[in-house]
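Line order of the protein sequences matches chains A and B.
Here this note's numbering is used: the first residue of the first sequence is 575, the next is one more, and so on.
Here this note's numbering is used: the first residue of the second sequence is 100, the next is one more, and so on.
Beta carbons are placed, not taken as given, at the ideal position from N, Cα and C, and that holds for glycine.
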Amino acid sequence: MIYLEFKAIETVDDAIELLQMAIALEFSTLPPYLYALYSIRPGTNAEAASRIKSVAMQEMIHMCLACNIVNALGTNPVLTAPTYPGPLPGGIGTDLTVHLLPLSKDAMAQAMAIEEPEDGAIHFPHEESLLAAAAQEFMTIGQFYHHLDGFLATLPASRWSRGRNQLDDRQFLAGKVFAVNGFTDAHRAIDGIVSEGEGTRDSPLDFGGDVAHYYRFAEVFYDQVLTKADNSKGYAWKDKLGVDWNGVYPAIADPGSHDFSKDPPTARAAQDRCDAAFTRLVQELQRAVAGEGGRLGNAVRAMFDLRMAAKQALTVSLAVPTQVAGPSFRYRPSLVGAVQ
Amino acid sequence: MSVLETPRLFFRGRITWDPIVTNNRPQQYDENEGKTVFDSDDGVVAFRKDAIAAVTGPGNWNPHGTHRSTFYETFTVGVDTGGGLSTSDAIVKSPVSFTGMLVDLEPYGAFSSQLFFDDMSFGIQGGCRVFAPRVTRMTGRYINFARNTTYKYVAGVASVVWQTSFPKTSGLRIDPHDSSLLQKFAEQLEHDDVLGLTVRWNTYRTLYFDSLNPANNTALAQQLHDKLVGGGFQPNPARSELVGVLGLWRKGEPATEPGDRALLTRQPGHMASAHVRVSKHQLTLDLANSVPETGVDLAKLNLGDLNAVAVAPDGATVVARLGSLKYADYCREKYEASAGIVTIEVDWGEAEKAKTADIQIRQKDDTVLLAEAALRAVPTAPNIYLDEGETTTLSVLVLDRGKPTGSGVQVAMANPDTSSGASTTSLTNAEGIATFSLSGTKGQVESFVFAAGQGAAVPQGINPQTTTYVYVRTLPADADIAGLEPSWTTVYGKVLRNWHAMAPCMDNWLDLGNPDQVKSFAAMLHELTAKANFEAFRFMPVTRDMTTGERALLYAFLDGTGALEPVVEAPPQVSLQRLSRAMRGGAR
Numbered sequence: 575m576i577y578l579e580f581k582a583i584e585t586v587d588d589a590i591e592l593l594q595m596a597i598a599l600e601f602s603t604l605p606p607y608l609y610a611l612y613s614i615r616p617g618t619n620a621e622a623a624s625r626i627k628s629v630a631m632q633e634m635i636h637m638c639l640a641c642n643i644v645n646a647l648g649t650n651p652v653l654t655a656p657t658y659p660g661p662l663p664g665g666i667g668t669d670l671t672v673h674l675l676p677l678s679k680d681a682m683a684q685a686m687a688i689e690e691p692e693d694g695a696i697h698f699p700h701e702e703s704l705l706a707a708a709a710q711e712f713m714t715i716g717q718f719y720h721h722l723d724g725f726l727a728t729l730p731a732s733r734w735s736r737g738r739n740q741l742d743d744r745q746f747l748a749g750k751v752f753a754v755n756g757f758t759d760a761h762r763a764i765d766g767i768v769s770e771g772e773g774t775r776d777s778p779l780d781f782g783g784d785v786a787h788y789y790r791f792a793e794v795f796y797d798q799v800l801t802k803a804d805n806s807k808g809y810a811w812k813d814k815l816g817v818d819w820n821g822v823y824p825a826i827a828d829p830g831s832h833d834f835s836k837d838p839p840t841a842r843a844a845q846d847r848c849d850a851a852f853t854r855l856v857q858e859l860q861r862a863v864a865g866e867g868g869r870l871g872n873a874v875r876a877m878f879d880l881r882m883a884a885k886q887a888l889t890v891s892l893a894v895p896t897q898v899a900g901p902s903f904r905y906r907p908s909l910v911g912a913v914q
Numbered sequence: 100m101s102v103l104e105t106p107r108l109f110f111r112g113r114i115t116w117d118p119i120v121t122n123n124r125p126q127q128y129d130e131n132e133g134k135t136v137f138d139s140d141d142g143v144v145a146f147r148k149d150a151i152a153a154v155t156g157p158g159n160w161n162p163h164g165t166h167r168s169t170f171y172e173t174f175t176v177g178v179d180t181g182g183g184l185s186t187s188d189a190i191v192k193s194p195v196s197f198t199g200m201l202v203d204l205e206p207y208g209a210f211s212s213q214l215f216f217d218d219m220s221f222g223i224q225g226g227c228r229v230f231a232p233r234v235t236r237m238t239g240r241y242i243n244f245a246r247n248t249t250y251k252y253v254a255g256v257a258s259v260v261w262q263t264s265f266p267k268t269s270g271l272r273i274d275p276h277d278s279s280l281l282q283k284f285a286e287q288l289e290h291d292d293v294l295g296l297t298v299r300w301n302t303y304r305t306l307y308f309d310s311l312n313p314a315n316n317t318a319l320a321q322q323l324h325d326k327l328v329g330g331g332f333q334p335n336p337a338r339s340e341l342v343g344v345l346g347l348w349r350k351g352e353p354a355t356e357p358g359d360r361a362l363l364t365r366q367p368g369h370m371a372s373a374h375v376r377v378s379k380h381q382l383t384l385d386l387a388n389s390v391p392e393t394g395v396d397l398a399k400l401n402l403g404d405l406n407a408v409a410v411a412p413d414g415a416t417v418v419a420r421l422g423s424l425k426y427a428d429y430c431r432e433k434y435e436a437s438a439g440i441v442t443i444e445v446d447w448g449e450a451e452k453a454k455t456a457d458i459q460i461r462q463k464d465d466t467v468l469l470a471e472a473a474l475r476a477v478p479t480a481p482n483i484y485l486d487e488g489e490t491t492t493l494s495v496l497v498l499d500r501g502k503p504t505g506s507g508v509q510v511a512m513a514n515p516d517t518s519s520g521a522s523t524t525s526l527t528n529a530e531g532i533a534t535f536s537l538s539g540t541k542g543q544v545e546s547f548v549f550a551a552g553q554g555a556a557v558p559q560g561i562n563p564q565t566t567t568y569v570y571v572r573t574l575p576a577d578a579d580i581a582g583l584e585p586s587w588t589t590v591y592g593k594v595l596r597n598w599h600a601m602a603p604c605m606d607n608w609l610d611l612g613n614p615d616q617v618k619s620f621a622a623m624l625h626e627l628t629a630k631a632n633f634e635a636f637r638f639m640p641v642t643r644d645m646t647t648g649e650r651a652l653l654y655a656f657l658d659g660t661g662a663l664e665p666v667v668e669a670p671p672q673v674s675l676q677r678l679s680r681a682m683r684g685g686a687r
């Protein structure tokens with residue numbers, strides 16, 4: 575089970591420390607989700623891809639909002655690239671090691687573990703039973719955010735900085751990213767983060783009326799659609815979603831742990847292109863949240879480059895010709911500018 | 100008929116607009132040839148540099164546009180199943196999803212906007228939902244340039260009616276669950292007379308640079324310019340408010356623009372054209388596009404009490420009094436709750452008289468704001484693409500007070516841009532449809548206007564508030580390009596370079612200047628550029644201007660094994676022509 579380290583928050587610095595952890599946590603969810611997404615072969619698994627992509631987008635938004643809160647408290651956020659396999663930042667009391675996995679039931683089970691709601695998942699009946707639910711018990715980050723929210727509510731208005739290094743939705747993610755200029759904004763951001771991740775206490779839907787992250791991954795895992803039903807819980811697992819577990823590139827798990835020295839030069843070059851794009855992405859994002867708002871566009875450009883590099887890497891065979899590797903999401907500053 | 104009868108679903112939200120505008124001016128784009136205009140010795144780098152420089156003038160507010168138009172913060176807000184507005188139906192507060200590609204058929208003009216998209220949904224999968232795959236692209240009509248005159252920046256003053264329809268035979272899916280409205284939709288779709296569902300929405304108060312005050316836009320343009328110079332991907336979407344309605348699509352109703360009884364504006368600054376339906380006991384008026392806002396706060400212009408009357412052929416003598424609207428019926432709150440659709444009770448006897456008499460909307464002092472045009476000739480395909488040498492048949496549906504006429508009604512069609520202004524005529528068949536033959540003789544963009552009825556005057560030009568019209572774009576054959584050696588130099592120089600310069604959105608995932616990438620994704624490029632996928636959201640080029648010859652050369656390259664020699668472009672040079680244009684500030 576995942577527990578985050580709950581520290582008493584007595585000062586703004588304590589809160590900032592926890593917010594930094596939240597940023598790292600949101601960041602660390604992106605590579606495993608994107609790895610699964612990129613591994614889907616073109617023309618297959620449209621519904622699964624749509625769900626994974628939508629969650630990844632919201633995690634990016636959550637990270638931006640958490641950065642906005644830190645900035646509103648007068649401090650520049652710091653982005654630290656995660657490593658895989660590895661634990662979730664701030665996670666204690668759990669043996670969950672997060673891996674980069676191609677689309678698979680394991681990948682979805684891992685994602686469900688990361689996103690499991692505060693009060694546990696609501697167990698809906700399977701009206702057309704396809705498989706038994708994996709009996710997994712994972713914890714949540716919901717309490718962590720509520721804890722933060724409680725402290726932030728106590729801060730006087732004067733403690734908040736207006737317009738400090740804020741990312742907004744002027745260019746990207748319309749209606750999703752907004753400036754944090756005080757507690758009201760921070761509370762709205764935290765509410766959205768928790769709601770989108772977990773749903774509400776009695777419903778799998780978030781405040782926006784869409785299915786919360788845990789259940790979106792569960793739909794892929796079960797290959798069933800969570801559907802309104804006339805039962806005590808209001809929903810049931812019903813129609814097939816249409817997952818094709820074979821519509822996936824034969825990507826190895828955790829390419830960051832793989833020794834590419836024995837692989838063809840084309841595979842090594844493909845990995846270098848991925849790493850260079852990812853590194854540039856992190857660097858540009860760091861500049862964007864530290865006051866150079868225009869660099870967000872450069873980060874998006876790097877994200878496009880990463881996607882393109884990943885698409886190419888996933889078509890290049892390794893030494894074992896039936897295997898390919900997706901992006902390892904390694905932060906390697908030495909590659910930036912050296913790899914085209 | 101249509102969204103003006105019940106059941107219907109109301110929604111409200113916002114939409115982004117992110118088109119490129121580098122094809123809006125003849126100095127940068129030749130819409131007849133479908134080619135980007137390069138100065139003689141400079142190329143893509145110089146073109147892009149120039150496009151970015153133009154941001155600080157009035158010439159180009161979005162050189163990194165993606166063309167994407169996406170709903171956000173858009174939800175269902177109410178239903179009407181026949182008993183008036185209700186907000187308690189299970190579908191209410193569900194997200195409404197739409198993403199389309201905004202493309203003007205005529206790049207230079209403002210009257211032919213359309214949205215290419217794949218599907219639209221009201222609600223989510225697994226819940227109460229309408230899932231509507233696209234059959235016909237979304238079309239913009241009845242552009243109202245007097246909607247918000249306090250925001251004078253590009254299209255900030257305007258509002259637009261968007262519409263398409265979803266046939267029940269083409270994948271339209273309704274999951275009613277506990278929604279009474281959706282249950283009624285599902286029941287209605289069982290009837291032979293119901294073809295499917297029509298969605299109509301209105302976009303208004305368009306903001307640029309996300310600024311409520313256009314006076315700030317000069318400074319914000321400078322900020323965007325600086326970002327663009329700093330590299331990366333820097334889109335600058337505009338955004339609008341929207342209200343919309345989903346309702347039944349019946350036989351005899353046009354799919355892509357309103358076909359109800361047309362009330363045309365007499366006072367454009369006060370009220371734009373609208374559509375109306377009169378039943379035995381009700382008058383339902385679609386004011387979604389009609390009443391101006393007085394400012395960016397979205398307050399509606401108070402026109403006082405408005406009277407709906409039916410008049411004698413003299414246009415003045417009142418023969419029936421249908422009812423009155425108060426400001427509370429068309430104020431902002433009411434507008435946003437029911438997408439500008441207003442229903443008032445009507446005496447049965449008065450409604451009967453209005454069946455055959457023109458309806459007017461008048462102010463208390465009898466100033467006529469809207470007056471009915473009984474006969475309307477509506478093209479069933481409002482925007483048409485042809486290849487040179489191709490011929491097609493255009494069907495024009497003639498409506499008489501919102502219903503198809505019978506046979507024998509004369510329809511005149513004319514191109515208002517030709518010097519002669521000569522028109523061709525055709526007679527309607529039993530379904531009220533007249534047909535015209537259209538031929539793509541050369542690369543060009545043409546428009547045609549219509550007039551229905553014996554001796555009816557053909558409009559001299561397009562007034563989108565009053566005229567029905569069709570746009571036709573013919574792409575040149577480019578046989579000479581098709582015959583070129585399919586080397587990278589020719590395929591880039593004659594084909595890909597056009598979009599690499601004009602629309603960087605197209606290389607978000609693919610660098611059109613990189614032969615290795617282009618070749619690596621040959622199969623995908625084939626699919627994305629195939630004519631069969633022309634209507635698809637992801638069709639390339641987004642601007643829908645690849646000619647047959649260009650496609651042939653591209654495919655010869657993608658399918659061949661030619662060497663991938665690098666492209667060497669001349670370094671950017673100062674262009675006096677472009678410098679001169681920049682100093683003039685360019686033209687929108």
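Residue i - DSSP class collapsed to helix/strand/coil
| i | result |
| --- | --- |
| B/ASP179 | strand |
| B/ARG597 | Correcting the residue identity first, residue 597 of chain B is Asn in this sequence and not Arg. In the structure shown, B/ASN597 sits in a helix (DSSP, three-state: H, G or I). |
| A/ARG861 | helix |
| A/GLY900 | coil |
| B/GLN322 | helix |
| B/VAL495 | strand |
| B/PHE332 | coil |
Exposure of residue i, with buried meaning 16 or more beta-carbon neighbours within 10 Å
| i | result |
| --- | --- |
| B/ALA513 | buried |
| B/ALA415 | exposed |
| B/SER372 | buried |
| B/ASP88 | With chain B covering only 100 through 687, there is no way to say anything about residue 88 of chain B. |
| B/GLY225 | buried |
| B/GLN553 | exposed |
| B/PHE387 | Reading off the sequence, residue 387 of chain B comes out as Ala, not Phe. Classification of B/ALA387: buried, given that the 10 Å Cβ count is 16 or more. |
| B/THR517 | exposed |
| B/ALA398 | exposed |
| B/GLN321 | exposed |
Whole-number beta carbon distance between residue j and residue i, since they are thought to touch under 8 Å
| i | j | result |
| --- | --- | --- |
| A/PHE852 | A/PHE903 | 5 Å |
| B/LEU583 | B/LEU652 | 6 Å |
| A/PRO824 | A/ALA893 | About 13 Å; that fails the 8 Å criterion. |
| B/TYR199 | B/PHE638 | Position check: residue 199 of chain B holds Gly in this sequence, whereas Tyr was assumed. Contact doesn't hold; Cβ gap of about 12 Å is too wide. |
| B/VAL569 | B/LEU493 | 6 Å |
Beta carbon of residue i nearer than 9 Å to that of residue j
| i | j | result |
| --- | --- | --- |
| B/GLY505 | B/GLY539 | no |
| B/LEU468 | B/HIS374 | no |
| B/GLN543 | B/PRO515 | no |
| B/ILE483 | B/ARG572 | yes |
| A/LEU593 | A/PRO663 | no |
| B/LEU184 | B/PHE284 | no |
| B/VAL202 | B/SER212 | yes |
Proximity winner among the options, relative to residue i (alpha-carbon distances)
| i | options | result |
| --- | --- | --- |
| A/ASP818 | A/ALA687, A/LEU888, A/GLU793 | A/GLU793 |
| A/LEU695 | A/ALA596, A/VAL894, A/ASP828, A/PRO778 | For the record, residue 695 of chain A in the displayed sequence is Ala; it is not Leu. Of A/ALA596, A/VAL894, A/ASP828, A/PRO778, the residue nearest in Cα terms is A/PRO778. |
| B/TRP261 | B/LYS192, B/TYR241, B/THR268 | B/TYR241 |
| A/THR801 | A/PRO616, A/HIS697, A/LYS836, A/ALA623 | A/HIS697 |
beta-carbon residue i near the ligand HEM non-hydrogen atom, thresh 8 Å
| i | result |
| --- | --- |
| B/ALA436 | With respect to small molecules bound, the structure shown includes none, and the ligand HEM cannot be examined in it. |
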